[in-house]
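As given, the protein sequences belong to chains E and H, one line each in that order. With the first letter of the first sequence counted as 1, position 84 gets the number 84 in my numbering; the numbers rise by one all the way through. With the first letter of the second sequence counted as 1, position 291 gets the number 291 in my numbering; the numbers rise by one all the way through.
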Amino acid sequence: MTATETTLEQLRDAALEELINVATDLAEETIPPVAGLRETLDLDSMDLVNWIAALHRRLGVDIPELDYPKLRTLDATAEYLAARLGAD
Amino acid sequence: MTAVYRMPSLGADMEAGTLIEWVKQPGERLAKGDVIAVVETQKGAIEVEVFHDAVMGRPLVEVGETVPVGTPLAELEIEGAPPETGAAKTGEAAPAPRGTPRPMAPEQPPATKSHTEPSTLPAGRRRASPAARREAERLGLALDDLRGTGPDRAIVLRDVAEAAGKAERGVPSAERPSPRHGLDLAAMREAIAAAMARSKREIPHYYLSQTIDLTSASDWLARRNAELPPERRVLMGVLFIKSVALTLRDFPELNGFDRGGRFEPAPGIHVGSATAIRGGGLVAPAIHDADQLSLDALMDRLRDLVARVRAGTLRSSELSDPTITVSSLGERGVDRLYGIIYPPQVAIVGFGTPRLRPWVVDGQVVPRTLVTATLSADHRHGDGHRGALFLAQVGQRLQEPETL
């Protein structure tokens, strides 16, 4: 496993953990990394902003409002976060 | 002076509740608004509050018991209160908004039957409180293996907790937060069905809709949010709630309750914010005095409410106090929604999805962000003319977002 893969996996795990912290009713769900967060998991806008705020606090990554639509799935989120972290 | 604290009514659709836990013990002091107990209802486990300073007295109901609304739960010692006020009243024992005694709803006598827990259980079934039953199921524990310490040796939550080797209300572990404690979606569906059927049967609704140009509000909000860290950004839904709340100051006839056919205006503007529950179901907990809160404070309140809807820990005043409901299915893509009034409220305001659309401004067709706002209101207590003026003012306020 390359270093990049490890990082992506860690970011995905972090994203999942924070997601369950803000939407505790999902704690027992199996969340596929490619599942649409809005469509499949039925997250609403308040869940999303709470989650994004938690990611910001945890990772220090600024996520502008215009980028919210890019966080479609856990996989997409991990990639987005990796790119933002790499760019810093 | 001894009064009794009764099972509060947490909405027109509630008939009974199950006592899950006493938060206060006999002899403990209670300040107005303190949580006295946790009660399980169709809306999940609700922290119920007292509405007077008092001293906790003798409990009259055992943990695990299901009792109808209005049943005495505990004695309270109240200093200097006349005998027939406050906690001694029946039915609407939830705190009245901002300390004003709320008259009893004459059309809502305390219900006498319980849907949630039959008093006699089928033979061969262990006696257990619904909360204990579900918790045991969640933890994969067989009821037959548990020792019951409740009434008639029924299994109550603390028995399940003991068997599971953890404290009853311990802090949920970080890696495994407890999901919606005690929420029974089937019971909630029944409760919603009862309330909505009553609404459609009894309330002559009138419906209005108005298209609002949201361009300046969304531009203003985008600029504001761009400068702020994610945790301080505000959602458009908050602007909707604030504009409705401010406008209600001029339309008191839409903010209050139907009491047996007579309108009773509410002293405060407590906006119920409709929140969908994943898996089905809906609650609309109150944001108290929404007209007096800044956008930031409103956002914080809404954030907190949604988090507690998810966790299943709402408070009694949040369920019983809304004086109007605002529903935005904004993100789900519908153009507009016509809400059904939640009795005894008399109005519900709906917002559809804001979208970029062609619109005529100064004789030119231009792309603008538009939203459709709707009002469903009780025709017994007002007419469409005032309703139209109300929607127009909501739209006007959204043209000047910096004043919200």
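The C-beta atom is built at its ideal place from N, Cα and C for all residues, glycine as well.
DSSP-derived helix/strand/coil call for residue i
| i | result |
| --- | --- |
| residue 342(H) | coil |
| residue 385(H) | helix |
| residue 321(H) | coil |
| residue 85(H) | Because residue 85(H) sits at a pLDDT of 41, beneath the cut-off of 50, its placement in the model cannot be relied upon, and the following sentence gives the value as read from the coordinates. Note: residue 85(H) maps to coil in three-state DSSP. |
| residue 3(H) | strand |
| residue 328(H) | strand |
| residue 270(H) | coil |
| residue 262(H) | strand |
| residue 46(H) | strand |
| residue 399(H) | coil |
| residue 176(H) | Note that residue 176(H) scores a pLDDT of 36, beneath 50, so its modelled location is shaky and nothing firm can be said. |
| residue 20(E) | helix |
| residue 74(H) | strand |
| residue 367(H) | strand |
| residue 90(H) | Note that residue 90(H) scores 39 on pLDDT, short of 50, meaning its location in the model is unreliable; the coordinates nonetheless yield the value given after this. Note: residue 90(H) maps to coil in three-state DSSP. |
| residue 21(H) | strand |
| residue 40(H) | strand |
| residue 184(H) | coil |
| residue 44(E) | coil |
| residue 111(H) | At residue 111(H), the pLDDT of 37 sits below 50, so the modelled position is not reliable; the number obtained from the coordinates is stated separately. Looking at residue 111(H) - three-state DSSP - the assignment turns out to be coil, as it is neither helix nor strand. |
| residue 61(H) | coil |
| residue 351(H) | strand |
| residue 67(H) | strand |
| residue 30(H) | strand |
| residue 77(E) | helix |
| residue 14(H) | coil |
| residue 63(E) | coil |
| residue 136(H) | helix |
| residue 159(H) | helix |
| residue 71(E) | coil |
| residue 287(H) | strand |
Of the listed residues the options, nearest to residue i (C-alpha basis)
| i | options | result |
| --- | --- | --- |
| residue 148(H) | 400(H), 64(H) and 346(H) | 64(H) |
| residue 77(H) | 51(H), 280(H) and 377(H) | 51(H) |
| residue 44(H) | 21(H), 205(H) and 185(H) | 185(H) |
| residue 9(H) | 266(H), 73(H) and 245(H) | 73(H) |
| residue 38(H) | 24(H), 32(H) and 31(H) | 24(H) |
| residue 337(H) | 199(H), 352(H), 343(H) and 344(H) | 352(H) |
| residue 3(H) | 42(H), 12(H) and 59(H) | 59(H) |
| residue 54(H) | 26(H), 322(H), 258(H) and 61(H) | 26(H) |
| residue 57(E) | 28(E), 14(E), 24(E) and 30(E) | 14(E) |
| residue 236(H) | 329(H), 197(H), 278(H) and 385(H) | 329(H) |
| residue 241(H) | 46(H), 273(H), 57(H) and 227(H) | 273(H) |
| residue 44(E) | 401(H), 7(H) and 302(H) | 302(H) |
| residue 69(H) | 187(H), 382(H) and 15(H) | 15(H) |
| residue 75(H) | 47(H), 29(H) and 345(H) | 29(H) |
| residue 23(E) | 347(H), 304(H), 393(H) and 268(H) | 304(H) |
| residue 34(H) | 22(H), 41(H), 42(H) and 40(H) | 22(H) |
| residue 276(H) | 220(H), 192(H), 255(H) and 1(H) | 192(H) |
| residue 266(H) | 383(H), 320(H), 61(H) and 229(H) | 320(H) |
| residue 70(E) | 16(E), 80(E) and 8(E) | 80(E) |
| residue 341(H) | 31(H), 190(H) and 374(H) | 374(H) |
| residue 400(H) | 189(H), 47(H) and 214(H) | 214(H) |
| residue 313(H) | 49(H), 31(H) and 137(H) | 49(H) |
Contacts that residue i makes with chain A (C-beta to C-beta distance below 9 Å)
| i | result |
| --- | --- |
| residue 231(H) | The structure shown contains no chain A; its protein chains are E and H. |
Counted within 10 angstroms of its Cβ, other Cβ atoms place residue i as buried (16 or more) or exposed
| i | result |
| --- | --- |
| residue 358(H) | exposed |
| residue 360(H) | exposed |
| residue 12(E) | buried |
| residue 99(H) | Only weak support is given to the placement of residue 99(H): the predicted model assigns it a pLDDT of 37, under 50, and the question is left unresolved by the model. |
| residue 270(H) | buried |
| residue 366(H) | exposed |
| residue 204(H) | exposed |
| residue 294(H) | exposed |
| residue 206(H) | exposed |
| residue 159(H) | buried |
| residue 279(H) | exposed |
| residue 139(H) | exposed |
| residue 308(H) | buried |
| residue 306(H) | buried |
| residue 389(H) | exposed |
| residue 217(H) | buried |
| residue 288(H) | buried |
Alpha helix (DSSP H) runs contained entirely in the segment 289-316 of chain H, provided each spans 4 or more residues:
295-311
With a floor of 4 residues, list each alpha helix (DSSP H) that falls wholly inside the segment 199-284 of chain H, ordered by position along the chain.
215-226 and 236-248
Closer than 8 Å, Cβ to any Cβ of chain E: which residues of the segment 289-310 of chain H, in chain order?
Cβ contacts with chain E come from 302, 303, 306, 307 and 310.
Members of the segment 261-280 of chain H that neighbour chain E once the beta carbon cut-off is set at 9 Å:
275, 276, 277, 278 and 279
In chain order, what residues of the segment 61-85 of chain E put their CB closer than 9 Å to some CB of chain H?
Listed in chain order, the positions of the segment 61-85 of chain E with a beta carbon within less than 9 Å of a beta carbon of chain H are 62, 63, 64, 65 and 66.
Check each residue of the segment 34-47 of chain E: if its Cβ is closer than 9 Å to any Cβ of chain H, include it; give the result in chain order.
38, 41, 42, 43, 44, 45, 46 and 47
For the segment 8-27 of chain E, which residues have a CB atom closer than 9 Å to at least one CB atom of chain H, in sequence order?
17, 20, 21, 22, 23, 24, 25, 26 and 27
Near-chain E residues of the segment 342-354 of chain H - C-beta to any C-beta below 8 Å
none
Quick one: which residues of the segment 205-227 of chain H get their C-beta closer than 7 Å to a C-beta of chain E? List them in chain order.
222, 225 and 226
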